[in-house]
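Undergrad:
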Amino acid sequence: SSVLMFGALSLGAAAHGYMHRGGMATHTEHLLIRLVVSALHPHAQVDFPSVAAICEGAASHPAEVPEALTMLVAVLAQQELHPTDARNTTQDYLKALTILNELVSNSAVVTQLRSTPRAREALLRLQA
């Protein structure tokens with residue numbers, strides 16, 4: 003089992019401008035990553051406008067797609083929650099699958115998803 007990790011990126015940092023080496027990113031830097039992290043927040047709803055923004059972010063920031071897909075695949079991995087964790091794994095899975103379902107309409111995203119480590123295993127695990 004693996005614990006869901008976003009590395010150095012916290013939900014708070016994403017909501018207030020992704021922190022990176024040396025300071026804050028501009029509004030266009032890491033746009034796709036910030037959108038995905040915001041959508042995965044326990045209190046966020048994944049609705050049409052948020053998914054559309056993520057798809058537009060993937061199209062306009064293709065360099066961020068591999069990291070975004072890695073995050074979404076990590077969400078689909080088996081998760082261990084802490085007792086005080088506000089997240090709900092079923093909700094996390096549904097959010098990630100909803101986002102991925104729309105992202106795969108972009109052929110470049112499909113190519114990236116095929117090369118994303120553990121993507122196939124995560125999807126097959128959920129199918130079982």
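At position 19 of the sequence shown (counting the first as 1) the number is 21 in my numbering, and the numbers step up by one without a gap.
Heads up, the beta-carbon is just placed ideally off N, CA and C, and yes, glycines get one too.
These numbers come from a predicted model, not from an experiment.
1. Give the DSSP-derived three-state secondary structure of residue 47 in the structure shown.
2. So, at 8 Å on beta carbons, what are the nonlocal neighbours of residue 55 in its own chain, with the 5 sequence-adjacent residues on each side left out?
3. Would you check if there are 3 or more beta carbon pairs closer than 8 Å linking the region 88–106 to the region 41–53?
4. Select from 130, 112, 39 and 31 the residue whose C-alpha is nearest the C-alpha of residue 94.
5. With DSSP collapsed to three states, give me the class of residue 94.
6. Verify whether the separation of the beta carbon atoms of residue 83 and residue 124 is less than 8 Å.
7. Which whole-angstrom value is the C-beta distance of residue 101 and residue 66, which I expect to be below 8 Å?
8. What's the C-alpha gap between residue 127 and residue 45?
9. Measuring straight from C-alpha to C-alpha, what distance separates residue 121 and residue 75?
TA: On the basis of the data shown:
1. Here residue 47 sits in coil by DSSP.
2. Taken in chain order, the residues that qualify are 37.
3. The answer is yes - the region 41–53 touches the region 88–106, with three or more Cβ pairs under 8 Å.
4. Minimum Cα distance to residue 94 is reached at 39.
5. In this structure, residue 94 counts as helix in the three-state DSSP scheme.
6. Remark: C-beta atoms of residue 83 and residue 124 do not approach each other more closely than 8 Å.
7. In this structure, residue 101 and residue 66 do not form a Cβ contact; the two beta carbons are roughly 14 Å apart against a cut-off of 8 Å.
8. C-alpha separation (whole angstroms): 26 Å.
9. Straight-line Cα distance between these residues: approximately 6 Å.
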